[in-house]
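Below you'll find the structure, written out as structure tokens, and then a few comments.
Residue numbers (mature numbering (1 follows the signal peptide of the UniProt record, and there is no 0)): -19 to -1, 1 to 573.
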């Protein structure tokens, strides 16, 4: 059995409400037990029971209620709590046997309301019962649990509205509300300290949890919670304590150290994409590579590919882009492959890597310009080989501000062309300027309609790639999507002059946008319907997998939600995936 441990030390010695510190509190409440240097766990008796009830005198009201309704988690916690009050006490042998009707008032309706989180309704029902039966008194246990539920509610309400000092005050008023069996409240207390810039107190709160709460999963999740506020050194200290302090039988604390390792890996992956962070050490790089291979995470493999590409280590870049494309084919992986092969001088391989996406993905088409630079007109009016233009070089290094400058100068010098205006639209999109991009694509589309058609598109054959008009219509649609014009774009899409592949991509993006809006509007069944429809068009990316998890969670399909978040987290653990895993399991820790 687990031992529920009260956490008054979470409130630390400076809180006057605890009588001048944890030692004074311990002396007035029967003492405590030292678990680790600087950490003492107190076990408090029930209100009004002095130093603890005599053997056989504990209040079993709640225990029998949990047994009757089959709430195993709370039953286990209550058994452990009663044993903490009286080590000689044992659960009654008739715990699950039908009980004769009591002569006094049946408290089951009040417990049912309390169990459902309806504290105010429970108080009102008790008051009404006392009006009907003036001689009746509710059990001490029921009143104690009502007080605890109200305290826990105050902590959650203050935390949800970011009233951090109120969180601390509410926890100080009722330390049992931040016990291990109400772990979510203990996490909220630590968060409050951190938000109040009392980092040492936040650390001590997390430290108390990982050294006193017995379940390995509780300790592991606490490491992830603490990672929002604590640096790597303190996280390593927490993980070391959580993996060794006060082990409980049957618990595997190696997962606590694994949590810290995953956090460190996440930090290293973030550094991969930060050009100002500098190169990773050989040891760190080897560690990241090993974990990415184990997880088979395509996004992380692409990040590694770009890391090596920027170092001009094209062979390693090609290897990681290939891995990513093998695990989850995408135009992002293909774009990297094209540029890596080109860096190696393997142009045929680059073209082959681009083939499945040619004419379907702007990023791949842009990458191909580095492989086969456009040919400009010669003095005799015929095409002649040209080296990469200044614009091509800017695009290859993803310098979109330079792209706009070069295009502006070209237009001033020689006048606008549909191709230049279209490219300006893509660069504006990359710079998060969608309204300007939409206007540029519209201008390019109008100009393309006046330009003579190119030779070689026969009426009887399907085009191998989008026409200039289709490409501009597609760019315009992307820009409208970025401005939030979901309704208008949905209305106009069937009549839009785009290829089938382009329309499918826009449709998938629209479904994703509508799913996000449905989640905001709390239309959770619609979220799932929209995501299912989108999944028929394209594989579901990580961010929409997270969205699916929250929809399942809000529909109370907890097992499915947990499985969804866990599958994502197992591939690569990030703050958003860990949050989903943790909160979905919140009922395990959550107080009334």
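Beta carbons: idealized from backbone N, C-alpha and C, even for Gly. All values reported here derive from a predicted model rather than from experimental measurement.
Inter-stretch contact (C-beta, 8 Å, three-pair minimum) for the segment 400 to 418 and the segment 451 to 468: Contact between the segment 400 to 418 and the segment 451 to 468 is established, with three or more Cβ pairs separated by less than 8 Å.
Rounded separation between residue 20 and residue 58 - CA only: On the chain shown, position 39 is the one that residue 20 refers to. On the chain shown, position 77 is the one that residue 58 refers to. Note that residue 20 scores a pLDDT of 31, beneath 50, so its modelled location is shaky; the value from the coordinates is reported in the next line. If you take the alpha carbons of residue 20 and residue 58, they lie about 22 Å apart.
Buried or exposed (CB count within 10 angstroms, at least 16 for buried), residue 555: In the chain shown, residue 555 corresponds to position 574, counting from 1. With 16 or more other Cβ atoms inside 10 Å of its own Cβ, residue 555 counts as buried.
CB of residue 528 within 7 Å of CB of residue 511, strictly: Counting from one through the chain shown, the residue named residue 528 turns up at place 547. Counting from one through the chain shown, the residue named residue 511 turns up at place 530. Contact annotation: residue 528 and residue 511 have beta-carbon atoms that are not nearer than 7 Å.
Residue 447, buried or exposed, once every other Cβ within 10 Å from all chains shown has been counted against 16: Position 466 of the chain shown holds residue 447. Residue 447 counts as buried, since no fewer than 16 other beta carbons sit within 10 angstroms of its beta carbon.
The segment 509 to 526 touching the segment 482 to 489, judged by at least three CB pairs closer than 8 Å: The segment 509 to 526 vs the segment 482 to 489: in contact.
For residue 87, the three-state DSSP class (helix, strand or coil): Sequence index remark: in the chain shown, residue 87 carries index 106 (1-based). DSSP places residue 87 outside both helix and strand once states are collapsed to three, so it counts as coil.
Spatial distance of residue 370 from residue 537 (CA atoms): Residue numbering aside, residue 370 sits at position 389 when the chain shown is read from its first letter. Residue numbering aside, residue 537 sits at position 556 when the chain shown is read from its first letter. Straight-line measurement puts the Cα of residue 537 at about 57 Å from the Cα of residue 370.
Distance between residue 203 and residue 336 (C-alpha atoms, nearest Å): Residue 336 sits at position 355 when you count from the first residue of the chain shown. Residue 203 sits at position 222 when you count from the first residue of the chain shown. Roughly 47 Å separates the two Cα atoms.
DSSP-derived helix/strand/coil call for residue 32: Mapped onto the chain shown, residue 32 falls at position 51. Residue placement at residue 32 is poorly supported in this model, since its pLDDT is 36, which falls under 50; the coordinates still yield a value, given next. Reduced to three states, the DSSP call for residue 32 is coil.
Cβ-based neighbour list, residue 276, same chain, cut-off 8 Å, excluding 5 preceding and 5 following: Residue mapping note: residue 276 aligns to position 295 of the chain shown, counting from 1. Only 551, 552, 553 meet the Cβ criterion.
Rounded Cβ spacing between residue 246 and residue 272 (contact assumed at less than 8 Å): On the chain shown, residue 246 is found 265 positions in, with the first residue counted as 1. On the chain shown, residue 272 is found 291 positions in, with the first residue counted as 1. About 5 Å separates the beta carbon of residue 246 from that of residue 272, a gap short enough to meet the 8 Å contact definition.
C-alpha gap between residue 116 and residue 87, whole angstroms: For the purposes of this step, residue 116 is identified with residue 135 of the chain shown, where counting begins at 1. For the purposes of this step, residue 87 is identified with residue 106 of the chain shown, where counting begins at 1. Approximately 14 Å between the Cα atoms of the pair.
Contact check, residue 334 vs residue 308, beta carbons under 7 Å: Along the chain shown, read from residue 1 onward, the residue named residue 334 stands at position 353. Along the chain shown, read from residue 1 onward, the residue named residue 308 stands at position 327. No.
Beta-carbon proximity list for residue 514, same chain, < 8 Å, skipping 5 on both sides: Locating residue 514 in the chain shown gives position 533, counting from the first residue. Scanning its chain for C-beta atoms nearer than 8 Å, with the 5 sequence neighbours on each side dropped, one finds around residue 514 the residues 492, in chain order.
Rounded straight-line distance, which links the Cα of residue 535 to that of residue 390: On the chain shown, position 409 is the one that residue 390 refers to. On the chain shown, position 554 is the one that residue 535 refers to. The C-alpha of residue 390 lies about 53 Å from the C-alpha of residue 535.
For residue 39, the three-state DSSP class (helix, strand or coil): Counted from its first residue, the chain shown places residue 39 at position 58. Reduced to three states, the DSSP call for residue 39 is coil.
With 16 other Cβ atoms within 10 Å as the buried cut-off, status of residue 396: Start at 1 with the first residue of the chain shown, and residue 396 comes out as number 415. Under this definition residue 396 is an exposed residue.
Same chain, Cβ closer than 6 Å to residue 495, five either side skipped, listed in chain order: Position 514 of the chain shown holds residue 495. So the qualifying residues of the chain are 511.
Validate contact between the segment 151 to 166 and the segment 125 to 143 using beta carbons, cut 8 Å, 3 pairs: Counting Cβ pairs under 8 Å, three or more are found: they touch.
Residues near residue 250 by beta carbon distance below 7 Å, same chain, minus five either side: Against the chain shown, residue 250 aligns to sequence position 269. Hits under 7 Å: 269, 281, 284.
Assigned exposure category for residue 393 - 16 Cβ within 10 Å defines buried: Along the chain shown, one-based indexing puts residue 393 at 412. Residue 393 comes out exposed.
Same chain, Cβ closer than 6 Å to residue 244, five either side skipped, listed in chain order: Here residue 244 is taken as the residue at index 263 of the chain shown, counted from 1. Excluding positions up to five away in sequence, the list reads 208.
Residue 399 vs residue 429 beta-carbon contact at 7 Å: Position 418 of the chain shown, counted from the first residue, corresponds to residue 399. Position 448 of the chain shown, counted from the first residue, corresponds to residue 429. Taking 7 Å as the Cβ cut-off, residue 399 and residue 429 qualify as a contacting pair.
C-alpha gap between residue 375 and residue 214, whole angstroms: Your numbering for residue 375 matches position 394 in the chain shown. Your numbering for residue 214 matches position 233 in the chain shown. Taking the straight line from one Cα to the other gives about 41 Å.
Contact the segment 219 to 230 vs the segment 168 to 183: 3+ CB pairs below 8 Å: A contact is defined here as three or more CB-CB pairs under 8 Å, and the segment 219 to 230 fails this definition with respect to the segment 168 to 183.
DSSP-derived helix/strand/coil call for residue 384: Residue mapping note: residue 384 aligns to position 403 of the chain shown, counting from 1. Secondary structure at residue 384: helix, using DSSP grouped into helix, strand and coil.
Nearest-angstrom Cα separation, counted from residue 170 out to residue 544: Taking the first residue of the chain shown as 1, we reach residue 544 at position 563. Taking the first residue of the chain shown as 1, we reach residue 170 at position 189. Across the structure, residue 544 and residue 170 are spaced so that their CA atoms are roughly 28 Å apart.
N- and C-terminal bounds of the alpha helix (DSSP H) containing residue 574: Outside the shown range of the chain, which is -19 to 573, sits residue 574, and nothing can be said about it.
Whole-angstrom distance between residue 234 and residue 32, CA atom to CA atom: As a first step, residue 32 is located in the chain shown; it is residue number 51 there, counting from the start. As a first step, residue 234 is located in the chain shown; it is residue number 253 there, counting from the start. Because residue 32 sits at a pLDDT of 36, beneath the cut-off of 50, its placement in the model cannot be relied upon, and the following sentence gives the value as read from the coordinates. C-alpha separation (whole angstroms): 33 Å.
Alpha helix (DSSP H) segment containing residue 137, residue limits: Along the chain shown, read from residue 1 onward, the residue named residue 137 stands at position 156. DSSP places residue 137 inside the alpha helix (DSSP H), whose first and last residues are 121 to 141.
Cβ-based burial, residue 331 [other Cβ within 10 Å; buried from 16]: For the purposes of this step, residue 331 is identified with residue 350 of the chain shown, where counting begins at 1. By the neighbour-count rule (16 or more Cβ atoms within 10 Å), residue 331 is buried.
Through-space distance from residue 253 to residue 365, alpha-carbon basis: Along the chain shown, read from residue 1 onward, the residue named residue 365 stands at position 384. Along the chain shown, read from residue 1 onward, the residue named residue 253 stands at position 272. Below a pLDDT of 50, predicted positions are generally treated as unreliable, and residue 365, at 41, falls in that range; the measurement from the model is reported next regardless. Approximately 40 Å between the Cα atoms of the pair.
Contact under 7 Å by Cβ, residue 286 with residue 317: Here residue 286 refers to the residue found at position 305 when the chain shown is read from its first residue. Here residue 317 refers to the residue found at position 336 when the chain shown is read from its first residue. Yes. Within cutoff.
Backbone secondary structure at residue 223 - three-state DSSP: Residue mapping note: residue 223 aligns to position 242 of the chain shown, counting from 1. Reduced to three states, the DSSP call for residue 223 is helix.
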